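Undergrad: Dumping the structure here so I can ask a few things about it.
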Amino acid sequence: MSTDTLERIARNKNVARAAARQLSMEQLHKLSEVIGEVIEQKQQEDHKRQAEEADKERKLAEIREAMSDAGLSLDDLMSEQPRKRRGRPPKKDKERKQ
Numbered sequence: 001m002s003t004d005t006l007e008r009i010a011r012n013k014n015v016a017r018a019a020a021r022q023l024s025m026e027q028l029h030k031l032s033e034v035i036g037e038v039i040e041q042k043q044q045e046d047h048k049r050q051a052e053e054a055d056k057e058r059k060l061a062e063i064r065e066a067m068s069d070a071g072l073s074l075d076d077l078m079s080e081q082p083r084k085r086r087g088r089p090p091k092k093d094k095e096r097k098q
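So for the sequence shown, my numbering puts the first residue at 1; every next one is plus one.
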């Protein structure tokens with residue numbers, strides 16, 4: 001079953017009913033169990049991601065506060081990058097070496 005088909009079933013109750021008519025009751029119950037497990041797993045992943053984001057935000061706030069206490073700004077942390085030379089390097093002249 002393609003992703004497009006699953007999306008159509010998820011968006012429209014009548015499409016879901018039509019698809020369900022092709023399955024036996026046993027298959028429908030098994031599908032319900034599988035979908036329940038998938039939903040639970042996705043919720044756990046979402047909670048984990050939200051916790052990681054909250055932890056990251058907390059650490060970022062701590063760093064900002066420490067920088068502020070030290071009297072530093074982002075400009076103080078960024079050193080000027082050396083400028084890269086543009087263009088090709090000079091050609092080596094074989095005749096000069098001889």
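Ideal Cβ placement from N, Cα and C applies to all residues, glycine included. It should be emphasised that the depicted structure is a prediction, and the values quoted were computed from it without experimental measurement.
So Ala19 packs on Ile35, CB below 8 Å; how close in whole Å?
TA: To locate residue 19, count along the sequence shown from 1; it is residue 19. To locate residue 35, count along the sequence shown from 1; it is residue 35. Not quite, the Cβ-Cβ distance comes to about 13 Å (not below 8 Å), so this is no contact.
Undergrad: Give me the Cα-Cα distance between Met67 and Ser73, rounded to the nearest whole angstrom.
TA: Residue mapping note: residue 67 aligns to position 67 of the sequence shown, counting from 1. Residue mapping note: residue 73 aligns to position 73 of the sequence shown, counting from 1. Rounded to the nearest angstrom, the two C-alpha atoms are 7 Å apart.
Undergrad: Might you give, ordered along the chain, the residues of its own chain that have their beta carbon closer than 8 Å to the beta carbon of Arg64, omitting 5 neighbours on each side?
TA: As a position in the sequence shown, residue 64 is number 64, starting the count at 1. Hits under 8 Å: none found.
Undergrad: Quick check on Gly124: does DSSP put it in helix, strand or coil?
TA: The question about residue 124 has no answer, for the chain in this structure spans 1 to 98.
Undergrad: Hey, could you find the ends of the alpha helix (DSSP H) Asn14 is sitting in?
TA: Within the sequence shown, the letter at position 14 stands for residue 14. Residues Lys13 to Ala20.
Undergrad: Between the C-alpha atoms of Gln22 and Lys13, what's the straight-line distance to the nearest angstrom?
TA: The count along the sequence shown starts at 1 and reaches residue 22 at position 22. The count along the sequence shown starts at 1 and reaches residue 13 at position 13. If you take the alpha carbons of Gln22 and Lys13, they lie about 15 Å apart.
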